[in-house]
Each structure stands twice: as structure tokens, then as C-alpha cells.
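Beneath this line is the structure, given in C-alpha cells, with notes to follow.
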Amino acid sequence: MFVHPAALCESDQIGPRTRVWAFAHVLPGAVVGADCNICDHAFVESRVRLGDRVTVKNNVALFNGLTVGDDVFLGPNAVFTNDYNPRASVKKTEDDLLPTVIRDGATIGANATIVCGVTIGENAFIGAGTVVIRDVPPGAMVVGNPARHIGWMCACGRRLDADLACACGTHHGADPTTGGIVADDA
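Numbering of the sequence shown is given in our numbering, commencing with residue 31 and proceeding in unit increments.
Shown next, in the form of C-alpha cells:
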């Protein structure tokens with residue numbers, strides 16, 4: 031792994047080939063997978079779990095209770111909360127915080143806000159500046175405040191047409207168990 035001389039990486043659970051860049055701070059106890067990229071000024075709290083090949087762009091703060099799957103992109107200045115109704119005068123325990131889960135392959139756009147207690151499905155796409163206040167199904171593309179569903183995305187990163195077919199050749203179908211989509215060959 032690589033830790034920039036101006037970074038503070040206090041965790042001993044950092045995967046191979048992960049890079050932690052200048053002014054990033056990874057607290058002890060944080061788990062960061064292999065081949066991750068933790069960019070400048072990112073903050074990773076002690077009970078955060080990041081999968082493999084996760085990109086955490088500049089100025090992203092990851093707080094306790096967040097679990098991120100593999101191959102996830104967290105855009106610059108994305109915000110993740112962990113307390114649904116914070117008060118400075120009320121000290122809460124770890125049990126009072128709401129967990130947030132970001133599933134494999136999801137993309138969180140720049141300046142998006144993810145309110146705690148939600149799950150963002152596999153390969154979902156959260157547009158820049160979006161405010162997510164409820165679960166997002168697999169493959170869904172959501173934008174706005176609050177987030178609204180405007181389409182579907184392929185794992186390759188392209189928006190799907192009305193037939194759920196992608197230019198990459200992958201065809202998708204509805205997944206009744208998740209309310210999202212799944213590749214037909216999956």
C-alpha cells in the first residue's frame with residue numbers, strides 16, 4: 031500500500047495496493063480493502079468498512095455505520111450521515127446510529143447527500159447533488175432533492191434504453207425481490 035507522507039493512516043487493516051493521499055485521515059479500526067484510492071482530505075472513521083477497488087474522491091467523510099461494497103465510486107464532496115436527528119447536547123452511543131449500506135458497483139455523484147439508514151443497491155447511480163432519503167434499488171438511476179427514479183443503469187456505466195438493453199450488449203430484466211433490475215445472464 032501507499033500512504034502519502036502528508037496523510038494520517040492509523041488503521042492496520044488496509045488492503046494491498048491501496049493508496050491514501052495527502053491530508054486524508056483513516057482512523058484506527060477502519061477496514062479498507064485492496065486496490066482502493068482514498069483521495070485528498072477524505073476522512074474514514076473507525077467503524078467504516080470499504081470493499082475492494084473503492085474510490086473515495088476528495089473531501090468525502092465516511093462515518094461509523096457505513097459499509098461500502100466492492101467497485102464503488104464515491105464522488106467528490108459526497109456526504110454520508112449516521113445520525114438521523116443529531117443534537118450537539120445529546121451524546122449517542124453506537125447503537126443509536128443508523129447503518130448505511132452501499133452495495134457493489136454503485137456510483138455516488140459529486141455533492142450527493144446520503145441520509146443514514148438507507149441501502150443503495152448494486153450498480154445504482156446517484157446523480158450529482160442528489161439527496162437520498164430512502165433505499166435505492168439495484169441498477170436505479172436517481173437524481174434530485176429528494177431523490178427520484180429517472181431510469182436504469184448497466185453495470186458498465188451506461189444508461190439503459192426503455193427495453194433495458196445496453197449498448198454493451200447486456201440485457202436486463204426486473205428483479206421482483208429487490209424492485210431493481212438484474213442482467214439476464216446473471
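From the three backbone atoms N, C-alpha and C, an ideal C-beta is built for every residue, glycine too.
Between the stretch 125 to 139 and the stretch 92 to 99, the count of C-beta pairs closer than 8 Å reaches three or more; the two stretches touch.
In this structure, residue 42 sits away from residue 65, with a CB-CB distance that is not shorter than 8 Å. Taking a cut-off of 8 Å for Cβ pairs, the stretch 67 to 76 and the stretch 50 to 57 touch, as three or more such pairs fall below it. Contact between residue 62 and residue 48 holds: CB atoms are separated by about 6 Å, below the 8 Å threshold. Per the Cβ contact rule, the stretch 135 to 149 is in contact with the stretch 103 to 115 (3 or more Cβ pairs under 8 Å).
In the DSSP annotation of this structure, the continuous segment of the beta strand (DSSP E) that includes residue 130 starts and ends at 130 to 132. Boundaries cannot be given for residue 183, as no beta strand (DSSP E) includes it and DSSP labels it neither H nor E. One alpha carbon belongs to residue 104, the other to residue 122, and they sit about 27 Å apart.
Judged by DSSP in its simplified three-state form, residue 205 adopts strand. Residue 162 is not a Cβ neighbour of residue 180, given a cutoff of 8 Å. Pairing residue 176 with residue 152 gives a Cβ-Cβ distance that is not under 8 Å. Look at the stretch 69 to 142 and you find these whole runs of beta strand (DSSP E), each 3 residues long or longer: 96 to 98, 130 to 132.
Close CB contacts of residue 214 within its chain, under the 6 Å cut and outside five residues either way in sequence, are with 201, 203 (chain order). Straight through space, the alpha carbons of residue 36 and residue 191 are spaced by roughly 45 Å.
The three-state secondary structure of residue 192, taken from DSSP, is coil.
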